[in-house]
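K.L.:
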Amino acid sequence: MNRKLIALLGVFTLAVACLTGCGKKEADKPSKINEPEQVEEQEDAGEQENEVGMGNPWVEITEAEANELCARLFKAPDGAASKIWQKCESLGDPDNYLGPLIQLDFELDGMEFTARAQQGAAEDADISGIYAEWTDGPTDLTLANWGEGHMAGKSYRAIDDEGYTDLITWYDIEIGIMYSLSVTSPDLDGFDIQAIAEQMYAGEPVAVEDDPHAVFQEILYRYKEAQDMGYTMDQVIQMGLETELVQHGWPMPGTEDNIKYLYYDIDGNGQDELIIKYYGDVSDIWGYDGSAVNMAFSTPYRGIATLYPDGVLNLLFSISASDSRSTWYKYDASIADYIVTEEKSSLEPLEIPAGDPLNDIVLPADREPILKPDAAGGGDPLEGLVAYDILDKFRALESVKDAGSIYDEGCALGSWVQKSIGRGMLPDKVKDIGVTIGNRYEFWFGTDISNNYEDNFPSVYGTYYALKDYYNSEGVNSTDFYNSVLQENEYMGNGDPENIKKMYADLQKFITECNNIVRAMN
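2 is the number of the first residue of the sequence shown in our numbering; add one for each residue after it.
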């Protein structure tokens, strides 16, 4: 075997070692890992050892060290044993802001799991190290706890003569972190790998206490805070209350006496939901899926919601005096949400009790308000839109100047990011995304970031977060801004409203890359 072949084999072996895990008990369990092809055996083992000289690329680390390498890492689930944390620097690329591959091996219920995370990875990156012909999947799912209960993921299952392999992957778009969790076992029939992934969220999930209604207490406090402080529509959304009540003028003075709340089991499964009523009609419905509280439904302006004993809801929505539409929904307790259905209830509607006045709620004296007023007298319009670590760094240097404008504050954030990176330090990869944005959406930016750097860099940030506010609120917030973008697209773009969604997706890629550069600098 010549030296060139030996060197290539060494590089290939290193890459496979990184992708296939740390090697812990690797020979004792069935594997769907991709194996290299067999090559000619080296006649002189001593010569091979000297010439290749490749060691195990995985380095054992502590959990604290792992957390320093990834801005938002998972934790081992409750009851896990044999927890081993490792890192593989070889699959990272610091020059392109790709962090090392982090791995956690643990045992749970007699099965061995491997969890991985890599900051800076692409959204379509495969970091699992699993090679299998999937019998089922990819299946779309939504993880509880992660991303405030809205984290999208995919699950896969392979079944063959050796047994089962289950894999789940999810991606934090705000920071740019890819996650995977896998397990291989002779029998996984009925096993739910999603439940394990949800337990691995490092934050604290909502817990059920002796009072079954305690899970909704903070939600009620937020309604009360918004009402007492007379928050604006944007501020209400920033608090996590994506309620259509704002379309009725709430929480401005004069509306507070008409808001009432009650607990009611809307589907008869033994778990009460929180209902907010306005002038006696159902406005908001909050559910609890066992791990997180979720806004299941909010009645739109000009809409009337009618509930039925079988968990079905009918929304009668008036488009105009002569035009209306009826939509049916079915409550899914497993995700605490209403899903559109073709099923129409044949039962009599529920008679929902009147409820208690929201005004009667007393906020605890030691409770910190969700929105802390600044010198301008308002909350931070970027709160809830910008990843917390980026926003904290930014606000440590620049306070809110315009509490009423997400676009202006987004531009200010973009200007800070721009100065933090420096024009000469922007990688070619990021510049190329900026050029693409300028070429595709000249109707809004005029030219690409590379040619009009000083003007367009801040504008990308302002535009992205204003559009994010619009899409996250399903068109309730930042409507004027969205309409202005839509109008420019009609005048100078292609006229297709879908073009705005495509622009939003491209802006998201650019901002994720830039934010990750800022993270890597600190």
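Cβ coordinates follow ideal geometry from the N, Cα and C atoms, glycine included.
Owing to the predicted nature of the structure, the values given are computational and were not obtained by experimental measurement.
1) Rounded to a whole number of angstroms, what is the C-alpha to C-alpha distance between G385 and N315?
2) On the premise that D470 lies in contact with I391, defined as a C-beta separation below 8 Å, what is that separation, rounded to the nearest angstrom?
3) Alpha helix (DSSP H) containing V418: first to last residue?
4) Residues in its own chain within less than 8 Å of D213 by CB, not counting five upstream and five downstream?
5) Out of L142, S347 and G191, point me to the one whose CA is closest to E199's CA.
6) Output the distance between the C-alpha atoms of T170 and G447, rounded to the nearest integer angstrom.
7) Taking 7 Å as the limit between beta carbons, can you name the residues of its chain near T115, skipping five residues before and five after?
8) For the structure I just gave you, are there three or more beta carbon pairs, one from the stretch 354-373 and one from the stretch 215-230, closer than 8 Å?
9) Near D282, what residues of its chain come up, given a Cβ to Cβ distance below 8 Å and the 5 sequence neighbours on each side ignored?
10) Tell me the rounded alpha-carbon separation between A337 and V461.
11) List the whole-angstrom C-beta distance separating T480 from L508, where the pair is believed to meet the contact cut-off of C-beta under 8 Å.
12) Using DSSP with H/G/I as helix, E/B as strand and the rest coil, what is S485?
13) Grouping DSSP H, G and I as helix and E and B as strand, with all else coil, what is D381?
14) Looking only at its own chain, which residues have a Cβ that is under 8 Å from the Cβ of K510, when we skip the five neighbours before and after it?
15) Between the C-alpha atoms of A159 and A126, what's the straight-line distance to the nearest angstrom?
16) Does DSSP put T311 in a helix, a strand or coil?
17) What number of angstroms, rounded off, separates the C-alpha of E149 from the C-alpha of Q120?
18) Is it a yes or a no for the stretch 56-71 touching the stretch 481-489, going by three-plus beta-carbon pairs under 8 Å?
19) Who are the Cβ neighbours of Y280 in its own chain at under 8 Å, not counting the five residues just before and after it?
20) Give every residue of the same chain whose Cβ lies closer than 8 Å to the Cβ of R528, excluding the five residues on either side of it in the sequence, and list them in chain order.
21) How would you write the range of the alpha helix (DSSP H) that L221 sits in, first residue to last?
22) Kindly indicate which three-state DSSP category M522 falls into: helix, strand or coil?
23) Here's a check: name, in chain order, each residue in its chain whose Cβ is nearer than 6 Å to the Cβ of E27, leaving out the five neighbours to either side.
24) What are the boundary residues of the beta strand (DSSP E) that includes K88?
25) What are the partner residues of W287, as DSSP defines its beta bridges?
26) Taking W251 as the reference, which of L263, Y264, V237 and G241 has the closest Cα?
27) Report all residues from its chain with a CB closer than 7 Å to the CB of M230; omit the five preceding and five following residues, and keep chain order.
28) Between M179 and A118, which are expected to be in contact by the criterion C-beta below 8 Å, what is the C-beta distance as a whole number of angstroms?
29) Comparing C-alpha positions only, which one of P78, D162, Q218 and E124 sits nearest to A196?
30) I need the DSSP call for D171, collapsed to helix, strand or coil.
31) Tell me whether V341 is buried or exposed, calling it buried when 16 or more other Cβ atoms sit within 10 Å of its Cβ.
P.N.:
Considering the structure as presented:
1) Against the sequence shown, residue 385 aligns to sequence position 384. Against the sequence shown, residue 315 aligns to sequence position 314. Cα to Cα, G385 sits roughly 31 Å from N315.
2) Within the sequence shown, the letter at position 390 stands for residue 391. Within the sequence shown, the letter at position 469 stands for residue 470. Not confirmed; about 16 Å, so no contact.
3) As a working note, residue 418 is residue 417 in the sequence shown. V418 -> alpha helix (DSSP H) spans I407 to I422.
4) For the purposes of this step, residue 213 is identified with residue 212 of the sequence shown, where counting begins at 1. A small fix is needed here, since residue 213 is Pro in this sequence, not Asp. If we look at P213 and ignore the five residues flanking it on each side, its Cβ neighbours are Q272 and D273.
5) To locate residue 199, count along the sequence shown from 1; it is residue 198. Checking every option, the nearest Cα to that of E199 belongs to L142.
6) Taking the first residue of the sequence shown as position 1, residue 170 is located at position 169. Taking the first residue of the sequence shown as position 1, residue 447 is located at position 446. If you take the alpha carbons of T170 and G447, they lie about 38 Å apart.
7) As a working note, residue 115 is residue 114 in the sequence shown. Within the same chain, T115 has close Cβ partners G22, Q104, D106 and S183.
8) Short answer: they touch.
9) Here residue 282 refers to the residue found at position 281 of the sequence shown. Excluding positions up to five away in sequence, the list reads T300, I305 and A306.
10) Looking up residue 337 in the sequence shown gives position 336. Looking up residue 461 in the sequence shown gives position 460. C-alpha separation (whole angstroms): 35 Å.
11) As a position in the sequence shown, residue 480 is number 479, starting the count at 1. As a position in the sequence shown, residue 508 is number 507, starting the count at 1. Actually they are not in contact, since the Cβ atoms of T480 and L508 sit about 18 Å apart, beyond 8 Å.
12) Residue mapping note: residue 485 aligns to position 484 of the sequence shown, counting from 1. In the structure shown, S485 sits in a helix (DSSP, three-state: H, G or I).
13) What you label residue 381 is simply residue 380 of the sequence shown in a count that begins at 1. Three-state DSSP puts D381 in coil, outside helix and strand.
14) Counting from 1 along the sequence shown, the entry for residue 510 is found at position 509. Once the five neighbours on either side are set aside, the close Cβ partners of K510 are I434.
15) Here residue 159 is taken as the residue at index 158 of the sequence shown, counted from 1. Here residue 126 is taken as the residue at index 125 of the sequence shown, counted from 1. Computed Cα separation, rounded: 19 Å.
16) Position 310 of the sequence shown, counting from 1, holds the residue named residue 311. Correcting the residue type first, residue 311 is Asp in the shown sequence and not Thr. Residue state, collapsed to three classes: coil.
17) Position 148 of the sequence shown, counted from the start, is the residue given in the question as residue 149. Position 119 of the sequence shown, counted from the start, is the residue given in the question as residue 120. Distance between the alpha carbons of E149 and Q120 is about 19 Å.
18) no
19) Walking along the sequence shown from the start, residue 280 turns up at place 279. Excluding positions up to five away in sequence, the list reads N259.
20) Not covered by the structure: residue 528. The range shown for the chain is 2 to 523.
21) Along the sequence shown, read from residue 1 onward, the residue named residue 221 stands at position 220. Q218 to M230 is the span of the alpha helix (DSSP H), which, as asked, contains L221.
22) Here residue 522 refers to the residue found at position 521 when the sequence shown is read from its first residue. Coil.
23) Here residue 27 is taken as the residue at index 26 of the sequence shown, counted from 1. With a pLDDT of 40 at E27, under the threshold of 50, the predicted position of this residue should be treated as unreliable, though the coordinate-derived value follows. Once the five neighbours on either side are set aside, E27 has no close Cβ partner at all.
24) Translated into the one-based positions of the sequence shown, residue 88 becomes position 87. Counting along the chain, the beta strand (DSSP E) containing K88 begins and ends at A82 to C89.
25) Indexing the sequence shown from 1 puts residue 287 at position 286. DSSP output for W287 lists L275 and M296 as bridge partner(s).
26) Within the sequence shown, the letter at position 250 stands for residue 251. Per the Cα distances, V237.
27) Numbered from 1 along the sequence shown, position 229 holds the residue referred to as residue 230. Nothing listed; no residue qualifies.
28) Counting from 1 along the sequence shown, the entry for residue 179 is found at position 178. Counting from 1 along the sequence shown, the entry for residue 118 is found at position 117. M179 to A118, Cβ: 7 Å. Contact.
29) Here residue 196 refers to the residue found at position 195 of the sequence shown. Measuring from the Cα of A196, the nearest candidate turns out to be P78.
30) By one-based count along the sequence shown, residue 171 stands at place 170. One detail in the question is off: residue 171 reads as Trp in this sequence, not Asp. Looking at W171 - three-state DSSP - the assignment turns out to be strand.
31) Here residue 341 refers to the residue found at position 340 when the sequence shown is read from its first residue. So V341 ends up on the exposed side.
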